[in-house]
Amino acid sequence: MCGLLFQAYLSEAHADVARKLQPAGYRNKKPSKRELKQMRDSCWAELTGHLSPGITGQAVPVFDAQQELACVMTTVTNLGLMKEPEDRWALFECAKQAARETGGSDRFAIE
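Numbers 0 to 110, taken from numbering that gives the first Met the number 0, label the letters of the sequence shown in order.
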(Lines of atoms letter the chains of each structure in order from A and count residues from 1; the text may use other names and numbers.)
(Lines give C-alpha, C1' and ligand atoms only; values in the text may rest on other atoms or scores of the structure.)
Protein backbone atom coordinates (compact mmCIF):
# COMPACT_ATOMS: atom_id res chain seq x y z
CA MET A 1 0.00 0.00 0.00
CA CYS A 2 2.61 2.55 1.01
CA GLY A 3 4.70 1.43 -1.98
CA LEU A 4 1.93 2.53 -4.32
CA LEU A 5 1.85 5.96 -2.75
CA PHE A 6 5.63 6.31 -2.89
CA GLN A 7 5.43 5.52 -6.61
CA ALA A 8 2.96 8.37 -7.06
CA TYR A 9 5.49 10.90 -5.76
CA LEU A 10 8.86 9.43 -6.77
CA SER A 11 10.30 9.88 -10.24
CA GLU A 12 9.55 6.93 -12.52
CA ALA A 13 13.25 5.98 -12.52
CA HIS A 14 13.39 5.92 -8.70
CA ALA A 15 10.13 3.96 -8.50
CA ASP A 16 11.48 1.37 -10.96
CA VAL A 17 14.63 0.88 -8.86
CA ALA A 18 12.60 0.59 -5.64
CA ARG A 19 10.20 -1.89 -7.23
CA LYS A 20 13.11 -4.14 -8.29
CA LEU A 21 14.50 -4.12 -4.74
CA GLN A 22 11.26 -5.42 -3.20
CA PRO A 23 10.98 -9.13 -2.41
CA ALA A 24 9.28 -10.94 -5.30
CA GLY A 25 6.13 -11.68 -3.29
CA TYR A 26 5.59 -7.98 -2.60
CA ARG A 27 6.14 -6.61 -6.09
CA ASN A 28 2.92 -5.27 -7.48
CA LYS A 29 2.32 -4.52 -11.11
CA LYS A 30 3.30 -1.03 -12.11
CA PRO A 31 0.38 1.36 -11.45
CA SER A 32 -1.12 3.18 -14.43
CA LYS A 33 -0.49 6.89 -14.94
CA ARG A 34 -4.18 7.44 -14.16
CA GLU A 35 -3.87 5.59 -10.84
CA LEU A 36 -0.76 7.56 -9.91
CA LYS A 37 -2.46 10.86 -10.77
CA GLN A 38 -5.52 9.90 -8.73
CA MET A 39 -3.30 9.18 -5.70
CA ARG A 40 -1.46 12.49 -6.12
CA ASP A 41 -4.71 14.43 -6.54
CA SER A 42 -6.37 12.86 -3.49
CA CYS A 43 -3.25 12.41 -1.29
CA TRP A 44 -4.68 8.96 -0.55
CA ALA A 45 -4.33 5.30 -1.49
CA GLU A 46 -6.55 2.45 -0.37
CA LEU A 47 -6.75 -1.21 -1.35
CA THR A 48 -8.98 -3.96 -0.01
CA GLY A 49 -8.15 -7.64 -0.19
CA HIS A 50 -4.55 -7.31 -1.37
CA LEU A 51 -3.20 -8.54 1.98
CA SER A 52 -6.06 -10.80 3.04
CA PRO A 53 -9.82 -10.94 2.33
CA GLY A 54 -11.70 -8.17 4.15
CA ILE A 55 -8.53 -6.32 5.12
CA THR A 56 -8.02 -2.79 3.82
CA GLY A 57 -4.71 -0.96 3.69
CA GLN A 58 -4.73 2.82 3.61
CA ALA A 59 -1.84 5.23 3.04
CA VAL A 60 -1.41 8.99 3.06
CA PRO A 61 1.66 11.10 2.29
CA VAL A 62 3.37 13.54 4.65
CA PHE A 63 5.28 16.38 3.02
CA ASP A 64 8.16 18.51 4.25
CA ALA A 65 8.56 22.29 3.99
CA GLN A 66 9.76 21.94 0.38
CA GLN A 67 6.52 20.07 -0.42
CA GLU A 68 8.54 16.89 -1.04
CA LEU A 69 7.43 13.49 0.22
CA ALA A 70 8.92 12.98 3.68
CA CYS A 71 7.16 9.74 4.65
CA VAL A 72 3.97 7.74 4.22
CA MET A 73 1.57 6.97 7.08
CA THR A 74 -0.33 3.69 6.78
CA THR A 75 -3.00 1.70 8.55
CA VAL A 76 -4.44 -1.76 8.07
CA THR A 77 -8.11 -2.10 8.90
CA ASN A 78 -10.44 -5.06 9.25
CA LEU A 79 -13.57 -3.61 7.67
CA GLY A 80 -15.75 -5.85 9.82
CA LEU A 81 -14.43 -4.13 12.95
CA MET A 82 -14.62 -0.54 11.77
CA LYS A 83 -17.25 1.32 13.81
CA GLU A 84 -18.02 4.01 11.24
CA PRO A 85 -17.01 4.31 7.57
CA GLU A 86 -15.68 7.78 8.38
CA ASP A 87 -13.08 6.20 10.71
CA ARG A 88 -10.82 5.73 7.69
CA TRP A 89 -10.46 9.51 7.38
CA ALA A 90 -8.77 9.73 10.79
CA LEU A 91 -5.52 8.70 9.06
CA PHE A 92 -5.91 11.50 6.52
CA GLU A 93 -6.46 14.03 9.32
CA CYS A 94 -3.32 12.78 11.12
CA ALA A 95 -1.28 13.24 7.95
CA LYS A 96 -2.64 16.76 7.49
CA GLN A 97 -1.66 17.58 11.08
CA ALA A 98 1.85 16.21 10.54
CA ALA A 99 2.07 18.26 7.33
CA ARG A 100 1.11 21.41 9.23
CA GLU A 101 3.91 20.71 11.70
CA THR A 102 6.52 20.05 8.99
CA GLY A 103 5.47 22.99 6.84
CA GLY A 104 4.27 20.64 4.12
CA SER A 105 0.60 21.54 4.15
CA ASP A 106 0.51 23.14 0.69
CA ARG A 107 0.02 19.76 -0.97
CA PHE A 108 -3.14 19.21 1.07
CA ALA A 109 -4.49 22.68 0.21
CA ILE A 110 -5.12 23.25 3.91
CA GLU A 111 -4.85 26.46 5.86
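Glycine included, each C-beta is placed from N, C-alpha and C at the ideal position. None of these values were measured; they are calculated from a predicted model.
*Quick one: what's M72 bridged to in DSSP?*
For M72, which the question treats as bridged, DSSP gives the partners V59.
_beta strand (DSSP E) segment containing E67, residue limits_ = Segment: none, E67 is in no beta strand (DSSP E) and carries neither H nor E.
*Check whether V61 and G102 have beta carbons under 8 Å apart*: No, they are not a contact pair.
*Limits of the unbroken alpha helix (DSSP H) element including E85*: Element bounds for E85: n/a, residue is neither H nor E.
*If you run the structure through DSSP and keep just helix, strand and coil, what is L50?*
Look at L50 here: in three-state DSSP terms it is coil, with no helix or strand label.
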